[in-house]
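Report on the structure given below.
There are 2 protein chains.
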Amino acid sequence: MAKYDAKLDAVFTALGDPTRREILSRLARGPASVSELAAPHDMALPSFMGHLRKLEDARLIATEKQGRTRICRLMPDAFLPVTGWLEEQRALWEGRLDQFDDYVTQLARKREK
Amino acid sequence: MAKYDAKLDAVFTALGDPTRREILSRLARGPASVSELAAPHDMALPSFMGHLRKLEDARLIATEKQGRTRICRLMPDAFLPVTGWLEEQRALWEGRLDQFDDYVTQLARKREK
DNA sequence: ATCATACTTAGCCATAAGGCTTAGTAAGTG
DNA sequence: CACTTACTAAGCCTTATGGCTAAGTATGAT
Chain A
344 MAKYDAKLDA VFTALGDPTR REILSRLARG PASVSELAAP HDMALPSFMG
394 HLRKLEDARL IATEKQGRTR ICRLMPDAFL PVTGWLEEQR ALWEGRLDQF
444 DDYVTQLARK REK
Chain B
344 MAKYDAKLDA VFTALGDPTR REILSRLARG PASVSELAAP HDMALPSFMG
394 HLRKLEDARL IATEKQGRTR ICRLMPDAFL PVTGWLEEQR ALWEGRLDQF
444 DDYVTQLARK REK
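Chains as they are written, first to last, in the working numbering: chain A, 344 to 456; chain B, 344 to 456.
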C-alpha cells in the first residue's frame, strides 16, 4: 500500500470542482462531444477545456477525435482507487472498538487538570 | 439534489493531498495532538497547521484545546456526502444498460462519414 | 520568577488553478 | 474555393495553495 499515491491526488483533486463533477454526471449518461458538454456551463471554451484536461489527466475520462469533433467518455474504473481508499479508512475507523473509551479518557484527563 | 455542493468541494479538495490523507489515516486510529500528528511530516509546523485547518474547514476533523495542547479527532460523518456522491454516479452509470450499444453506434456513425 | 513547550500569528515567496481574450488550424458544407 | 464549425494554442490576469521564517502568546514545569 503506497504511502503517497499520485493517482489518488489527481482523482480527488479533479472531483473537488463542481464543474468537473457535473461533466462526470453528464458522461455517466453516455459519451458526448466537447461542445455538447460545454453548453450548460457559462464559461469560455478554452476555460472549459482546462477542466476536461484535468479529468483526462486523472483518467476519469478518455477522449478521441472524430473528424473535427472530440468525443469524451467516462472511465468508471478511475473511481476504484477512491472507493478503495475510503473503504480502508472506514475499516481503520471501525477497527477502533475502543474509540468511545478513548474519548471518555480524554475528558477525564482534562477534568483532572 | 444541489447542483453545486460546497461541502463536496471542500471534502474532495481536502482529500486531494497526501499529507492530509495521512493525517486522516492516523486519526482513524484515535485522537492525537498537533505535534504528535506533525512528527512524521518533514514540514515546518505552520505549514502543517495549514493542512489541519483545511481538514477542519471540511469538517473532516474537529479540534479542541486542552491546556497548551490541541487535540484533533476524526469526524467520520464528513465522508458521507462523498460516498453518497460516488454512489449516485455509480447508479447513473449502471442505469445505462445501453452503454455498450452506444459505443458501437458511435463507431458505426464514424465509419459512415 | 524563569524556562521550555506547544502552538499561533504575520508576512513573504513560488507555483498552480481557473478564468479570460485573441488568433490559429483542421474538417465539413455548399 | 469560400465559409462555418469545432476545437486548439498562446498568453495574460487574479487568486489560491503550499511551503518558509521569524516572532509572539499561553501553559506547564522547576
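Backbone N, C-alpha and C fix where the C-beta goes; we use that ideal spot for every residue, glycine too.
As the structure is a prediction and not an experimental result, all values here were calculated from the model.
By how many angstroms is the C-alpha of residue j removed from the C-alpha of residue i?
{"i": "E379/A", "j": "R411/A", "result": "14 Å"}
{"i": "Q432/A", "j": "R369/B", "result": "10 Å"}
{"i": "P389/B", "j": "A371/A", "result": "41 Å"}
{"i": "R396/A", "j": "L403/A", "result": "10 Å"}
{"i": "G427/B", "j": "K408/B", "result": "32 Å"}
{"i": "R416/B", "j": "R363/B", "result": "13 Å"}
{"i": "P374/B", "j": "P383/B", "result": "15 Å"}
{"i": "A357/B", "j": "L398/B", "result": "6 Å"}
{"i": "P361/A", "j": "H394/A", "result": "10 Å"}
{"i": "W436/A", "j": "A387/A", "result": "44 Å"}
{"i": "R413/B", "j": "E430/B", "result": "35 Å"}
{"i": "A349/B", "j": "G359/A", "result": "9 Å"}
{"i": "D385/B", "j": "V377/A", "result": "42 Å"}
{"i": "M392/A", "j": "E365/A", "result": "14 Å"}
{"i": "G438/A", "j": "A421/B", "result": "18 Å"}
{"i": "A434/B", "j": "A381/B", "result": "39 Å"}
{"i": "E455/B", "j": "Y347/A", "result": "In this prediction, E455/B has a pLDDT of 44, which is less than 50 and means its spatial position is unreliable; nothing more can be read from the coordinates."}
{"i": "M418/B", "j": "M418/A", "result": "31 Å"}
Mind listing the chain A neighbours of residue i? Cutoff is C-beta to C-beta under 8 Å, in chain order.
{"i": "V425/B", "result": "L429"}
{"i": "F422/B", "result": "L429, Q432, R433"}
{"i": "D352/B", "result": "G359, D360, P361"}
{"i": "R402/B", "result": "The contacting residues do not exist; R402/B stays about 15 Å from chain A at best."}
If residue i sits next to residue j, beta carbons under 8 Å apart, how far is it from one beta carbon to the other, in whole angstroms?
{"i": "V354/B", "j": "A405/B", "result": "Their Cβ separation, rounded to whole angstroms, is 14 Å, which puts V354/B and A405/B out of contact at 8 Å."}
{"i": "L351/B", "j": "P424/B", "result": "6 Å"}
Under 7 Å Cβ-Cβ, which residues of chain B neighbour residue i?
{"i": "M406/A", "result": "The sequence shown places Thr at residue 406/A, not Met. Near T406/A there are no residues of chain B at all, since even the closest Cβ is about 12 Å away, more than 7 Å."}
{"i": "P290/A", "result": "This structure cannot speak to residue 290/A, because chain A is shown only from 344 to 456."}
Using the beta-carbon of each residue, which ones in chain A are nearer than 7 Å to residue i?
{"i": "F355/B", "result": "F355, L358, G359"}
{"i": "R411/B", "result": "Under the 7 Å cutoff, chain A gives no residues; its nearest Cβ is about 11 Å from R411/B."}
Going along chain B in order, which residues have a C-beta closer than 8 Å to the C-beta of residue i?
{"i": "L367/A", "result": "Q432"}
{"i": "R396/A", "result": "Under the 8 Å cutoff, chain B gives no residues; its nearest Cβ is about 16 Å from R396/A."}
So which residues on chain A does residue i lean against when the C-beta distance must stay under 9 Å?
{"i": "R372/B", "result": "L435, W436, G438, R439"}
Practice item. Please name the residues in the region 374 to 389 of chain B whose beta-carbon is closer than 7 Å to at least one beta-carbon of chain A, in chain order. Key: P374
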